[in-house]
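Residue numbers (UniProt numbering), protein chains in the order written: chain E, 1 to 339; chain U, 1 to 339. Glycine residues also receive a C-beta, built at the ideal position from the N, C-alpha and C atoms. Predicted, not measured: the structure shown is a model, and the values here were computed from it. Working notes, beginning with the structure itself.
Number of protein chains: 2
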Amino acid sequence: MSSRLKDVAALAGVSTRTVSNVVSGSASVAEETRARVQAALDELGYRPNVAARNLRAGRTGLIGLAIPELYSPYFGELASLIVHAARDRSWTVVIDQTFGDPEAERRLLDGDGGRLVDGLIISPWALGPEELTDRSRDVPVVLLGERQPQGLADRVAVDNVLAAEEATAHLLASGRRRIAAIGLQPHLRNETARQRLEGYRKALRGAGLEPDAALEQPVTTLHRKDGAAAMTALLDAGARPDAVFAFTDELALGALHIAHERGMSVPEDLAVVGFDGIEDGQYANPPLTTVVPDKRQIAERALQCLADRIYSPASTVAPLDIVVPHRLDVRASSGRRTG
Amino acid sequence: MSSRLKDVAALAGVSTRTVSNVVSGSASVAEETRARVQAALDELGYRPNVAARNLRAGRTGLIGLAIPELYSPYFGELASLIVHAARDRSWTVVIDQTFGDPEAERRLLDGDGGRLVDGLIISPWALGPEELTDRSRDVPVVLLGERQPQGLADRVAVDNVLAAEEATAHLLASGRRRIAAIGLQPHLRNETARQRLEGYRKALRGAGLEPDAALEQPVTTLHRKDGAAAMTALLDAGARPDAVFAFTDELALGALHIAHERGMSVPEDLAVVGFDGIEDGQYANPPLTTVVPDKRQIAERALQCLADRIYSPASTVAPLDIVVPHRLDVRASSGRRTG
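Rendered as structure tokens:
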């Protein structure tokens with residue numbers, strides 16, 4: 001191991017003692033030096049004896065991941081990436097599904113009587129940011145998705161307004177005018193859905209169209225069955241959409257299913273665009289156009305935030321608002337209108 | 001709480017002291033009595049103070065769930081059910097993805113230096129049952145899926161041979177004769193795939209057909225992309241299948257995708273049947289026929305096995321081999337041949 005420390009020290013241009021201080025989480029290293037050493041550690045793939053380090057520091061080596069639902073393909077893919085990346089840092093991930101149950105979110109923070117996790121990554125549904133980031137808990141928290149203007153904790157997300165605006169603009173550019181939005185959850189504090197609706201409306205107004213309430217279809221949850229129910233409701237109400245922007249791919253796939261059942265051609269009669277970039281969409285018939293968040297970067301940046309808070313608690317950096325990239329993958333479900 | 005104990009005692013026909021002994025995991029209660037009390041506890045939804053009980057017994061209240069991949073819809077749905085059912089028992093689930101990495105499976109058993117979990121549910125890919133159930137670890141293990149004739153640990157699974165035989169017989173009954181099997185993994189110790197191949201061949205032979213090696217298409221992993229690659233390989237090799245039995249729904253959906261791309265009608269030109277009963281299949285175009293394991297029962301029975309081993313370690317019941325029910329959901333992807 002000492003030769004490895006030497007390699008890291010040489011690359012970072014510091015003494016092995018400084019490397020050792022960084023690895024042991026000592027607060028005596030200047031932030032700039034620490035960052036340089038960390039970069040060298042990362043580059044050389046150095047894996048310190050984390051168990052020993054945790055023991056000394058009173059840590060468990062566990063980080064919590066609280067997601068609303070594990071059986072959603074989006075959260076499944078994201079959790080998979082987070083577990084994978086956490087392993088590189090010798091962390092074990094404790095995953096919990098919250099189902100919008102505040103008690104579940106609290107339990108992950110508290111463990112059974114004692115503190116269970118060293119840090120928590122949470123996609124909140126139930127607890128507000130105030131409770132999640134209560135400083136008396138002393139557990140660093142990273143929020144996924146939700147914007148929280150108070151800046152109470154680090155946050156990692158795509159620009160949902162911009163992404164939704166681009167998806168809707170893509171449909172407008174292909175000649176669609178009656179674009180339905182499926183995915184609002186008025187019964188929940190779902191900030192993500194609110195932002196996607198905002199982007200959708202912005203694009204419509206940018207094209208000189210006034211948003212039509214009859215085309216904005218709410219849902220209960222974000223799965224295929226909800227997309228199917230929303231599409232059925234739109235068609236039965238005579239809303240005559242020529243396109244659908246669904247706030248998740250699962251909703252989009254449910255809408256696509258109903259379009260087929262009703263004998264509509266996709267994309268000729270109805271263009272469909274989803275959000276999340278789940279693998280399923282590539283194999284839909286036709287393949288689904290979707291907004292793809294960079295999930296690998298969401299996982300990596302969230303873990304980096306946690307590591308910084310856990311191992312450099314002395315640093316008083318203000319909560320970060322990290323925006324990760326997204327792209328629009330255009331596939332056959334939203335081809336140009338030929339009719 | 002005492003009135004609750006009294007209710008349980010009355011229902012089970014024992015003293016409150018006996019209920020208390022069962023709840024505290026004392027070994028002094030006869031197995032038959034313990035089972036009766038447990039049934040009463042379950043029926044009345046009694047939730048004991050597990051934190052205190054764990055503390056006294058040197059337990060962590062954590063159980064491990066080791067699955068190959070979290071982003072597979074089947075394992076996502078199963079993990080979701082297990083996490084949900086574990087909460088009813090006041091257990092927190094630590095999920096790890098093994099990706100066929102033996103180190104990951106060992107780590108879950110061992111924690112970081114100390115024992116992390118009170119018990120482990122594992123769908124093994126990497127470690128053999130001998131290592132998983134090494135008694136020196138003293139952690140009860142429940143195996144999902146893999147048959148292990150030595151009877152080293154409790155095991156919960158569907159009858160894969162029978163289920164595959166039924167799925168293939170269904171295709172034969174609809175007039176198919178060149179039924180491809182997609183899903184063998186010759187590079188892995190995947191016992192489940194081997195059993196499904198056995199059932200497939202058994203059905204063919206039962207119909208007087210000799211299995212054709214050209215129709216048995218191996219795969220690398222069990223996802224849509226592998227199903228698509230396998231279907232492409234079958235068609236390009238001129239195997240002329242009139243049906244596909246895929247060992248997972250994801251493989252089936254990948255095969256379905258290629259059939260569409262090649263202009264084949266489903267089910268007219270090609271019938272497709274999958275395995276797993278994932279939600280995605282219901283919304284495929286056409287909806288996918290599939291073997292549906294009773295996942296809720298897999299989750300419940302696996303947790304019950306763990307609870308029995310953890311709270312009644314003195315009981316010397318031999319390892320159980322629990323077979324949970326399955327059914328074949330026939331949908332449009334395998335309709336009767338009309339041509």
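Assign residue i to buried or exposed, taking buried as 16 or more other Cβ atoms, counted over all protein chains shown, within 10 Å of its Cβ.
| i | result |
| --- | --- |
| E:Asp276 | buried |
| E:Asp88 | exposed |
| U:Thr248 | buried |
| U:Pro124 | buried |
| E:His223 | buried |
| U:Gly76 | buried |
| E:Ala66 | buried |
| E:Lys6 | exposed |
| E:Gly13 | exposed |
| U:Pro186 | exposed |
| U:Arg262 | exposed |
| E:Ser80 | buried |
| E:Ser15 | exposed |
What are the boundary residues of the alpha helix (DSSP H) that residue i is part of?
| i | result |
| --- | --- |
| U:Ala239 | That residue, U:Ala239, is in no alpha helix (DSSP H); it is neither H nor E in DSSP. |
| E:Pro73 | 73-88 |
| U:Gln195 | 191-206 |
| U:Gly281 | Run containing U:Gly281: none; DSSP gives neither H nor E here. |
| U:Asp249 | 249-261 |
| U:Thr16 | 16-23 |
Would you list the residues sitting across from residue i in a DSSP beta bridge?
| i | result |
| --- | --- |
| E:Gly274 | E:Thr290 |
| E:Ala169 | Partner(s): none; E:Ala169 has no beta bridge. |
| E:Glu300 | Per DSSP, none; premise fails for E:Glu300. |
| E:Val323 | E:Ala157 |
| E:Asp329 | E:Thr290 |
| U:Pro218 | U:Leu184 |
| E:Gln38 | E:Gln38 is not bridged to any residue. |
| U:Leu70 | DSSP, once it has assigned bridges, lists no residue as partnering U:Leu70. |
| U:Asp96 | U:Ala66 |
| U:Ala246 | U:Ile182 |
From the beta carbon of residue i, is the nearest beta carbon of chain U less than 8 angstroms away?
| i | result |
| --- | --- |
| E:Pro124 | no |
| E:Arg262 | no |
| E:Ser333 | no |
| E:Glu191 | no |
| E:Gly254 | yes |
| E:Tyr311 | no |
| E:Tyr283 | yes |
| residue 351 of chain E | Because residue 351 of chain E is not part of the residues shown, which for chain E are 1 to 339, the question remains open. |
Spell out whether any CB of chain E is found under 8 angstroms from the CB atom of residue i.
| i | result |
| --- | --- |
| U:Gly76 | yes |
| U:Arg296 | no |
| U:Gln97 | yes |
| U:Leu70 | yes |
| U:Glu268 | no |
| U:Ala228 | yes |
| U:Asp280 | yes |
| U:Arg89 | no |
| U:Asp112 | Bear in mind that the predicted position of U:Asp112 carries a pLDDT of just 44, short of 50, making it unreliable; the figure below should be weighed with that in mind. Answer yes: the Cβ-Cβ gap between U:Asp112 and chain E drops below 8 angstroms somewhere. |
| U:Arg224 | yes |
| U:Val94 | yes |
| U:Ala79 | yes |
| U:Val330 | no |
Taking 8 angstroms as the cut-off, decide whether the C-beta atoms of residue i and residue j are in contact.
| i | j | result |
| --- | --- | --- |
| E:Leu152 | E:Ile298 | no |
| E:Val142 | E:Ala302 | yes |
| E:Val266 | E:Val272 | yes |
| U:Ser334 | U:Ser174 | yes |
| residue 406 of chain U | U:Pro286 | Given a span of 1 to 339 for chain U in the structure shown, any question on residue 406 of chain U remains unanswerable. |
| E:Leu171 | E:Ala243 | yes |
| U:Pro140 | U:Thr98 | no |
| E:Thr220 | E:Ile258 | no |
| E:Asp154 | E:Leu62 | no |
| E:Ala40 | E:Leu78 | no |
| U:Pro218 | U:Ile179 | no |
| U:Asp280 | U:Leu251 | no |
| U:Ile121 | U:Ile82 | yes |
| U:His326 | U:Val291 | yes |
How is the beta strand (DSSP E) around residue i delimited, first residue to last?
| i | result |
| --- | --- |
| E:Ala180 | 179-184 |
| E:Leu144 | 141-144 |
| U:Leu152 | Segment: none, U:Leu152 is in no beta strand (DSSP E) and carries neither H nor E. |
| U:Gly119 | 119-122 |
Within the present structure, is the beta-carbon of residue i separated from the nearest heavy atom of the ligand GTP by less than 7 angstroms?
| i | result |
| --- | --- |
| E:Glu268 | Of ligands this structure carries none, so the ligand GTP is not represented either. |
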